[in-house]
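Let me begin by presenting the structure, written as structure tokens, before commenting on it.
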Amino acid sequence: AQRVTQPEKLLSVFKGAPVELKCNYSYSGSPELFWYVQYSRQRLQLLLRHISRESIKGFTADLNKGETSFHLKKPFAQEEDSAMYYCALSGRGGGFKTIFGAGTRLFVKA
Amino acid sequence: GAGVSQSPRYKVAKRGQDVALRCDPISGHVSLFWYQQALGQGPEFLTYFQNEAQLDKSGLPSDRFFAERPEGSVSTLKIQRTQQEDSAVYLCASSLGRTGGYNEQFFGPGTRLTVL
């Protein structure tokens with residue numbers, strides 16, 4: 027079954043501390059992995075995707091096929107990173123469905 | 076430029092009423108998705124259109140849910156005989172390419188449906 031698991035509902039860190047938001051997936055095939063973010067009173071938007079291999083706003087994510095994980099990391103959290111983060115997957119073969127995790131709320135304390 | 080828009084933003088319906096939710100995608104976007112997001116959950120896929128063709132409706136929870144995109148732009152999600160469990164935020168997203176969720180999706184603000 028296709029599934030995305032984000033084990034933490036809430037993650038609270040101090041400003042300047044490292045942050046890691048966990049994402050594990052289950053998918054038969056080769057998925058494309060995404061992180062979407064929703065800031066307060068804004069729309070859901072793409073943060074980064076595996077295929078781009080970019081660092082966006084200091085965040086990176088590495089696909090670990092052995093552990094079927096796609097954890098999101100940032101070495102030094104900022105207050106403006108406080109938001110809801112969703113991990114998502116879609117079939118690389120052009121599958122139409124996107125599966126989202128339940129989300130992790132990141133709260134960065136001053 | 077204009078993003079994805081949805082209307083109404085809020086809808087309160089009595090149990091048993093029919094509702095229609097509208098989505099205006101970004102102009103030129105081929106792909107259109109509908110999602111249902113219950114409180115405290117992530118978006119859950121409902122259906123996918125490529126232009127006017129509904130290529131995947133596997134996520135529609137029952138035959139009370141119906142979606143269309145007759146001219147390949149605006150889409151409507153209709154829920155007949157609403158039930159309390161239909162209460163959720165309904166999100167619409169569009170993307171430029173033809174490869175479904177493989178491309179970046181641009182989301183609308185959502186319609187919050189409350190069924191009393």
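The listed protein sequences correspond, in order, to chains V and R.
Using the working numbering, the letters of the first sequence map in sequence onto residues 27 to 136.
Using the working numbering, the letters of the second sequence map in sequence onto residues 76 to 191.
We treat Cβ as the ideally placed atom computed from N, Cα and C, and that holds for glycine.
- With DSSP collapsed to three states, give me the class of residue 76/V. helix
- 6 Å CB neighbourhood of residue 99/R in its chain, flanking five on each side removed: 80 and 149
- Query: Going along the chain, which unbroken runs of the alpha helix (DSSP H) with 4 or more residues stay wholly within the stretch 116-152 of chain R?
  - Reply: none
- What residues in its chain sit with their C-beta under 6 Å from that of residue 93/R, if we drop five residues either side in the sequence? 155
- For residue 184/R, return the contacting residues in chain V, with the cut-off set at a CB-CB distance below 7 Å. 69
- Item | Whole-angstrom C-beta distance between residue 144/R and residue 107/R, which should lie under 8 Å | 6 Å
- Query: Which residues of chain R have a Cβ atom closer than 9 Å to the Cβ of residue 128/V, listed in chain order?
  - Reply: 115, 116 and 117
- Between residue 116/R and residue 128/V, what straight-line distance do the alpha-carbon atoms span, to the nearest angstrom? 5 Å
- Message: Please confirm whether residue 58/V has its beta-carbon closer than 7 Å to some beta-carbon of chain R.
- Response: yes
- Message: I'd like to check one pair, residue 96/R with residue 186/R: are the Cβ atoms closer than 7 Å?
- Response: yes
- Comparing the C-beta of residue 123/V with each C-beta of chain R, is any distance below 7 Å? yes
- Item | Proximity test, Cβ basis, 7 Å: residue 112/V and chain R | yes
- Item | Separation of residue 136/R from residue 125/V, as counted between CA atoms | 15 Å
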